[in-house]
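A.B. asks:
In my numbering, the protein residues as written are 38 to 230.
1. Comparing C-alpha positions only, which one of 184, 142 and 125 sits nearest to residue 154?
2. Residue 122 by DSSP, collapsed to three states: which one?
3. Go ahead and pull the three-state DSSP assignment for residue 138.
4. Residues in the same chain with beta-carbon distance under 6 Å from residue 139, minus the five sequence neighbours each way, listed in chain order, please.
5. I need the boundaries of the beta strand (DSSP E) containing residue 221, first residue and last residue.
6. To the nearest angstrom, how far is it from the Cα of residue 129 to the Cα of residue 201?
7. Between the C-alpha atoms of residue 121 and residue 181, what's the straight-line distance to the nearest angstrom?
8. Within this structure, are the beta carbons of residue 105 and residue 226 separated by less than 8 Å?
9. Identify whether residue 66 lies in helix, strand or coil by the three-state DSSP scheme.
10. Would the beta-carbon of residue 101 fall within 8 Å of that of residue 190?
11. Name the one or two DSSP bridge partners that residue 147 has.
12. What residue range does the alpha helix (DSSP H) around residue 170 cover?
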């Protein structure tokens, strides 16, 4: 008799959650799902931004190495003989730098600033204040000065990374839905020929 009572299910108890018609489960899910999805999107967006920053760091190191060893200067001397202007040489260097970026990073969002000086005081400090126009593009005049043998060279890559997810809105420092990623390399040119 006792075993019969324990095995017998009372009506209305232990109903499956899908059969529950009261609606509490779905309301609780909706309250938890929205912040969860927002948090996951923010984590994904932030992770991609950090990955892009690391890719930018790698690209600036490769480009700076071409300046330090004199390869970029030799290419500029050869191209200057063909009538290329300083702006065209800078654009060619920027396009060569774009080749070192991963495919998901657009070359149109990359800006390059190369400065050289005999000592660290001549490099102009460690900050580069950026100003933007109404469309979100930098209005700064970026430099392209590779320097010669033994010069200190500072190479900066500025990349405007799009931020699309609302929870990361505080990271949108560059206006119109984007944030600034910047990678810098400072080194001394070798004695090249």
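We put the beta carbon where it would ideally sit given N, CA and C, even for glycine.
C.D. replies: On the basis of the supplied data:
1. Residue 184 holds the alpha-carbon nearest to the alpha-carbon of residue 154 among 184, 142 and 125.
2. In this structure, DSSP gives residue 122 a state outside helix and strand, which the three-state scheme calls coil.
3. Taken through DSSP and simplified to helix, strand or coil, residue 138 comes out as coil.
4. Cβ neighbours of residue 139 beyond the five flanking positions: 92.
5. Residues 215-225.
6. Distance between the alpha carbons of residue 129 and residue 201 is about 30 Å.
7. When rounded, the distance between both Cα atoms is 14 Å.
8. Cβ distance < 8 Å, so residue 105 and residue 226 count as in contact.
9. For residue 66, the three-state secondary structure derived from DSSP is helix.
10. Yes, Cβ-Cβ distance for residue 101 and residue 190 is below 8 Å.
11. Partner residues in the beta bridge of residue 147, as assigned by DSSP, are 196.
12. For residue 170, no alpha helix (DSSP H) segment is defined, and its DSSP state is neither H nor E.
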